[in-house]
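Read through the structure below, which is laid out as structure tokens, and then see the notes.
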Amino acid sequence: MNNQNTVLEKIVSLAKRKGFVFQSSEIYGGLNGCWDYGPLGVELLKNIKEEWWKSMTYREDIEGLDASILMHKRVWEASGHVDNFSDPMIDCKQCKARFRVDTLGDAINEKKKGKFIKALKEKVEGTDNNTALEKVFDIYSELDERFEAIVEHEELSKELLALVNCPNCGTAGEFTEPRSFNLMFKTFVGPVESTDNTVFLRPETAQGIFVNFSNVQGASRQKLPFGIAQIGKAFRNEINTRNFLFRTREFEQMEMQYFVQPKDDKKHYDIWKDKRMQWYKDLGMTPDKLRFHDHPEDKLAHYAKEATDVEYEFPFGWGEIEGIHNRTDFDLQRHEEFSGKSQKYFDDEIKEKYIPYIIETSAGASRSFMAFLVDAYHEEEVKGEQRVVLRFHPKLAPIKIAIFPLVNKDGMPEAARNIEADLRQNFRVFYDAKGAVGRRYRRQDEAGTPYCVTVDTQTLEDNTVTVRERDSMEQVRINIDELKVYFLEKLA
RNA sequence: GCGGGAAUAGCUCAGUGGUAGAGCGUCACGUUGCCAACGUGAAUGUCGCGGGUUCAAAUCCCGUUUCCCGCUCCA
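Counting from 13, one number per residue, gives the positions in the first sequence under my numbering.
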């Protein structure tokens, strides 16, 4: 574990040194959980988003969208974020201690938990809550799990809290009502601050897609099944940020919502699940470090019928980089209800009107960035010297080709500059003439540049150059006239 | 949010009360002949920030911010 943390620290350090990621507002002491993408980082991020965009929208059945970050307040009431997207807290009125409701159980021992649950069972006997409690008992056999499930249940939680003694002072029945600490960032439309003009910074891009379902369908004349894709920033006022780019308060999502006939939901869910996993593998991510984590039925979010995470094994452990959910008709149903505008789709084939089911693929651009960066990082020994190399897939590499004169004289720089000018029309290239060529190669290794072109004496005689490949460090001689075609093929 | 650790040059770090340091990197000049070569020179620090103690603080004390770790949580 210690060793693995060191790896992450090295990557954070490299990321700063080479210009991938800087801490936000660093000269002012930094801002918790916010990071800036530097010259190489912005290229890598842009390439990731571009690959995603191509794979998602360069097809007949998916349309693009770029919705506003600020949306009507009612959107978040309909989505459930105003009510659910929060961590309820309670205070003990007696001793003023504060507890998060969902972690209250940690402060209470087994024996007492048993006592409280028994008391609760007697209390709800014969009421609606009894059914709910029985369901909890069916799903869980462990005491801790039962307690946790009760606490997470809106109604049962209230009943239980009235019975529980404060873990701090022992007083029973003195807890406040659970209060929500909403994780959405709030701001105001217009210069005057008042509750009337409160808006939220979107905590997910998905709702921008849902509320535009009819617009996009009408404008694009798409028929079900079809999807809407969007890349954009989202904001969550996380209690804790942690692990570099993994949990940040401002992050970027790459989401595609696929609208399907309800009866086909399982089919499309499975298709997208496979397709999304393959995307990471196709871009070179180590297959052994990727897995699915299926959500157990009782842990599903309020909107989901089926859900899985694509997880990557980071130095700190497995972490989600994408969520694939069957959101059912929950979102459109709710928007229909809250807006009063029909969200139904008339299906010509079956002559039926229905609210589509939605299969969501929601990838974290920032998290993918981190996963691709961590996965690319390699340290190796070359002739007794350590080499640090970022083995990015050529499509993701911030710089595609570096061009060097072997030495900075005898007509070599001029020849190299000509090559640079020519290749720059098609590729992101970098010219460097300073110092020994070996050092320049290693510098490019640290930036993840897949190819280096070097002009030498022979170039001036027969118009050929060496092309050095990053991972193998092997060199081939190529005629300058064939370079562009060579790279178009290699980098396509 | 709780508990633990850390913060000194771009990076890694040394410096336990008395002039701010090293290695690497960066830049310049010279040299160069394919994998972090060499020589000479240079730039870079309110020692995270704010208070306090002291004749004197990078060093001791208090607060705070940020990062890392363990819980917790999550896209």
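Here a beta-carbon is modelled for each residue, glycine too, at the ideal position from N, C-alpha and C.
In whole angstroms, give me the CA-to-CA distance for Y453 and S378.
The straight-line gap separating the alpha-carbon atoms of Y453 and S378 is approximately 28 Å.
Between which two residues does the alpha helix (DSSP H) containing R451 stretch?
Residues V449 to A459.
State the Cα-Cα distance for the pair K125 and E250, rounded to the nearest angstrom.
29 Å
Can you tell which of K446, Q437, E486 and A445 has its C-alpha closest to the C-alpha of V497?
Q437
Rank E426, I413 and D493 by C-alpha distance to the C-alpha of T461 and give the top, closest one.
I413
For Q470, which residues of its own chain have a beta-carbon under 7 Å away from its beta-carbon, when the five flanking residues on both sides are left out?
Counting only Cβ-Cβ distances below 7 Å, and skipping sequence neighbours, we find T476.
Take the Cβ of K421 as the centre, count every other Cβ of all protein chains shown within 10 Å, and call the residue buried at 16 or more, exposed below.
exposed
From E276 to F222, what does the alpha carbon distance come to, in whole angstroms?
With the sequence shown as reference, residue 276 is identified as Asp, and Glu is not the correct amino acid for it. Those two C-alpha atoms are separated by around 19 Å.
May I ask you to verify whether the stretch 46-62 touches the stretch 214-232, counting CB pairs closer than 8 Å and requiring at least 3?
no
Between the stretch 233-252 and the stretch 339-350, can you find at least three pairs of beta-carbon atoms closer than 8 Å?
no
Would you say D341 and Y369 are within 7 Å of each other, going by their C-beta atoms?
yes
Assuming A375 contacts M266 under a Cβ cut-off of 8 Å, what Cβ separation, rounded to an integer in Å, is found between them?
4 Å
Out of P274, D73, Q355 and I336, which one is the CA nearest neighbour of I362?
P274
Taking only three categories from DSSP, how would you classify F263?
strand
State the DSSP-derived secondary structure class of Y70, mapped to helix, strand or coil.
coil
Please report the distance separating the alpha-carbon of F271 from that of E318.
F271 and E318: Cα-Cα distance of roughly 15 Å.
Nearest by alpha-carbon distance to E481: which of Y40, D444, L503 and L472 is it?
L503
Pick helix, strand or coil for Q437, following the three-state DSSP scheme.
coil
Return the first residue and the last residue of the alpha helix (DSSP H) that L495 is part of.
L495 to L503
In chain order, what residues of the same chain have a beta carbon less than 8 Å from the beta carbon of G8, not counting five sequence neighbours either side?
For the chain, the structure presents residues 13 to 504; residue 8 sits outside this window and is missing.
When you compare the CB positions of N141 and L168, do they come within less than 7 Å of one another, or not?
yes
Within the chosen definition, does the stretch 282-294 reach the stretch 71-78 through at least 3 CB pairs nearer than 8 Å?
no
Beta-carbon within less than 6 Å of M13's beta-carbon, same chain only, minus the 5 sequence neighbours each way: which residues are those?
Only weak support exists for where M13 lies, its pLDDT of 34 falling under 50; the value from the coordinates is given anyway. Excluding residues within five positions, none has a Cβ falling inside 6 Å.
If I measure Cβ to Cβ from E325 and keep anything under 7 Å in the same chain, skipping five residues before and after, which residues do I get?
K301
Can you name the start and end residues of the beta strand (DSSP E) that S380 belongs to?
No beta strand (DSSP E) contains S380, which is instead part of the alpha helix (DSSP H) from A377 to A388.
What's the C-alpha gap between N15 and G202?
Only weak support is given to the placement of N15: the predicted model assigns it a pLDDT of 47, under 50, and the value that follows is read from those uncertain coordinates. Each residue's Cα considered, the two are about 51 Å apart.
For K365, report the span of its beta strand (DSSP E) as first-last.
E364 to Y366
Three-state secondary structure (DSSP) at K505?
What is shown of the chain runs 13 to 504, which leaves residue 505 out entirely.
Nearest-angstrom Cα distance between R403 and A383?
Per the coordinates, the alpha-carbon of R403 lies some 12 Å from the alpha-carbon of A383.
Evaluate L218 with the Cβ neighbour count: other Cβ atoms within 10 Å of its Cβ, from every protein chain shown; 16 or more gives buried, anything less gives exposed.
Before going further, note that residue 218 is Ala rather than Leu in the sequence given. That one is buried.
Looking at I411: is its Cβ nearer than 7 Å to the Cβ of W284?
no
Quick check on the DSSP output: the alpha helix (DSSP H) that includes D360 runs from which residue to which?
Premise fails: D360 is in no alpha helix (DSSP H) and is neither H nor E.
State yes or no: is the C-beta of A428 within less than 7 Å of the C-beta of V467?
yes
For D507 and V400, which I take to be in contact (beta-carbon distance under 8 Å), what is that distance rounded to the nearest angstrom?
What the structure shows of the chain is the stretch from 13 to 504, and residue 507 is not part of that stretch, so it cannot be assessed.
Please classify T207 as buried or exposed, where buried requires at least 16 other C-beta atoms within 10 Å of its C-beta.
With fewer than 16 other Cβ atoms within 10 Å, it is exposed.
If we count the other Cβ atoms within 10 Å of its Cβ and call it buried at 16 or more, is A409 buried or exposed?
If you draw a 10 Å sphere on the C-beta of A409, you find 16 or more other C-beta atoms in it, and that means buried.
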